[in-house]
Structure formats: structure tokens, C-alpha cells
Amino acid sequence: MSSPDTMQDKPARPPAPAAGPRKIPAPRVLPESLPYWTAADEGRLLVKQCKACGEVHHYPRDICPHCLSADTVWLQAAGTGTVYSFSTMGKGEAAYTLAFVTLAEGVTLMTNLVDCDPATLAIGQPVRVVFKPSEGGHAVPMFTLA
Numbered sequence: 009m010s011s012p013d014t015m016q017d018k019p020a021r022p023p024a025p026a027a028g029p030r031k032i033p034a035p036r037v038l039p040e041s042l043p044y045w046t047a048a049d050e051g052r053l054l055v056k057q058c059k060a061c062g063e064v065h066h067y068p069r070d071i072c073p074h075c076l077s078a079d080t081v082w083l084q085a086a087g088t089g090t091v092y093s094f095s096t097m098g099k100g101e102a103a104y105t106l107a108f109v110t111l112a113e114g115v116t117l118m119t120n121l122v123d124c125d126p127a128t129l130a131i132g133q134p135v136r137v138v139f140k141p142s143e144g145g146h147a148v149p150m151f152t153l154a
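Below, the structure is given as C-alpha cells:
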């Protein structure tokens, strides 16, 4: 067991180096989502729509999560929406803001809010899609204030 005196003798831990700008990892691409990521590389945001029930869904997958139909099609989204919820993590250049954004098409997706001051963000603000490069992979759709 350490006494308080021996704990004081330990050298202070050096400060951690600055994290630097946040790096965006390359997304994991499945065959069924490849058109989504290819469109992102072209600056287009896609969602899936079910032809059986008409519901729009995201994350794009072949099976509708609402009615389990496999009759789904790609739909080009307007790329606009509103902030439903958000939270900022980290400090300085490494800080990032996770958010849920409700698209004009009605579906809510998890994303990042970028290129804006987190102190100015508010629920209900209009946003638009932007595409950020990832490390060695496809562009990633994120959102900024409209």
C-alpha cells in the first residue's frame, strides 16, 4: 500500500500532445450500400424509399425496416433538413459535433455538424449537406448551417 508521501514522489505526467484536426475514418461499405457511397463521392445524398409502403429510410439497406419489403429504390434527397438534436465532444481542433438531422424527406439520420461554431447551434436550425473526404475511402455526408 502506498503512503501519501510516496505518491507525492512520482513525477508529474507530461501533458498529452494536441490532438490536431479530427480525421474521418473511411466508411465500411457493403455491396448493398455501394450506390450510396458512390453518390456521396459525386456530391449527392441518397436515401432509400420502399415501393410497398412508401416510407423513406436511412441508413440505406435493401429491406424496408417499416414493412420488411425488399422492393426499395434509391431516392435523391434534397440535402436539406433541420437539427433534431446535437452534442459537441472534444476540445480545440479535435472537437466535433454529433447530431441527428431530420431531412426534408422526413427521415432522421445521425451525422456530424461541421464548418460552424458549436456555440451558435440550436435545435430546429436549418442545415444543408456537405461532403467531407475520409481517410482513404468514400466521401462522408455531413451537415452545416444553411
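Position 107 of the sequence shown, counting from 1, maps to 115 under our numbering, and the rest follow consecutively. From the three backbone atoms N, C-alpha and C, an ideal C-beta is built for every residue, glycine too.
What whole-angstrom Cβ distance do T90 and G145 have, given they're in contact under 8 Å? Their Cβ separation, rounded to whole angstroms, is 28 Å, which puts T90 and G145 out of contact at 8 Å.
**Buried/exposed call for H74, threshold 16 Cβ in 10 Å** = Burial call: exposed.
Pull up the distance between the alpha-carbon of A48 and that of H66, whole angstroms please. Distance between A48 and H66, taken at the CA atoms: about 14 Å.
Exercise. Return the bridge partner residues of V109 from the DSSP annotation.
Key: In DSSP, V109 forms a bridge with V91, L117.
Can you tell me where the alpha helix (DSSP H) with P43 in it begins and where it stops?
Residues 42 to 49.
Practice item. Tell me, please, whether the region 89 to 109 touches the region 133 to 142 by the rule of three or more beta-carbon pairs shorter than 8 Å. Key: Result yes; three or more Cβ-Cβ pairs closer than 8 Å.
- prompt: If you drop the 5 nearest sequence neighbours on each side, which residues of the same chain put their C-beta closer than 6 Å to that of C58?
  reply: Counting only Cβ-Cβ distances below 6 Å, and skipping sequence neighbours, we find C72, S77, T80.
- Query: For W45, which residues of its own chain have a beta-carbon under 7 Å away from its beta-carbon, when the five flanking residues on both sides are left out?
  - Reply: Excluding residues up to 5 positions away in sequence, P35, V37, H146 lie with their Cβ nearer than 7 Å to the Cβ of W45 in the same chain.
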